[in-house]
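Position 117 (the sequence shown) corresponds to 317 in our numbering; numbering is contiguous.
All C-beta atoms in this analysis are idealised placements derived from N, C-alpha and C, irrespective of residue type, glycine included.
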Amino acid sequence: MYSQKVMERFKNPKHLKKMKNPDAVGTVGNAICGDMMYVYIKVDKKGGKEIIKDISVQTFGCVAAISTSDVVCDLALGKTLEEARKISKDDIIKELGSLPEIKTHCSVLAQNGLIKAIDNYKKKQDTTT
């Protein structure tokens, strides 16, 4: 059912942890399947650009939820906020090799968690400037 890459990410996630003192958190969930994700980011401002210098995720859910959330962290790390916002569900699935059609909603959840973290970071910046 799952590709080897999906199972490897599930068994050995690189980014699965709660971050201490994040700059922002994106929280998303799916009421139907019960998956929940917290995406944590730390942002570095360099040369007028805001770059994701650290990212982690806490995921409570199925194999696909854990795998997609770990991959979205890899894809976003080192990118500007604008570049990271453009990461799509298709980018996540491509990185995993494949994902069963019935589980593609997990890639959308991971994408939305990242976007929420970025949006929450931007809101914090707007209120402090």
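| said: On the DSSP bridge list, what partners appear for Thr-227? | reply: Beta-bridge partners assigned by DSSP to Thr-227: Tyr-238.
| said: The beta strand (DSSP E) that contains Glu-250, what's its start and end? | reply: That run of the beta strand (DSSP E) goes 249-260.
| query | Just curious, the alpha helix (DSSP H) that Asn-320 is in, first and last residue? | reply | First-last of the alpha helix (DSSP H) with Asn-320: 304-328.
| query | Which residues share a DSSP beta bridge with Val-243? | reply | Val-243 pairs with Ile-252.
| field | Residue from Tyr-321, Ile-232, Asp-326 with nearest C-alpha to Thr-280 | value | Out of Tyr-321, Ile-232, Asp-326, Tyr-321 has the C-alpha closest to the C-alpha of Thr-280.
| request: Would you mind working out which of Asn-212, Lys-242, Val-263, Ser-307 sits nearest Asp-319, comparing C-alpha positions? | output: The residue with the shortest Cα to Cα distance from Asp-319 is Lys-242.
| query | Can you tell me the Cα-Cα spacing of Pro-300 and Leu-275, whole angstroms? | reply | Between Pro-300 and Leu-275, the C-alpha separation is close to 20 Å.
| request: Determine, using beta carbons only, whether Met-237 and Ser-269 come nearer to each other than 8 Å. | output: Cβ atoms of Met-237 and Ser-269: closer than 8 Å.
| request: Give the DSSP-derived three-state secondary structure of Leu-296 in the structure shown. | output: Helix, per DSSP.
| said: Quick check on this structure: which residue in Lys-286, Gln-325, Cys-262, Ser-267 has the alpha carbon closest to the alpha carbon of Asn-230? | reply: Minimum Cα distance to Asn-230 is reached at Cys-262.
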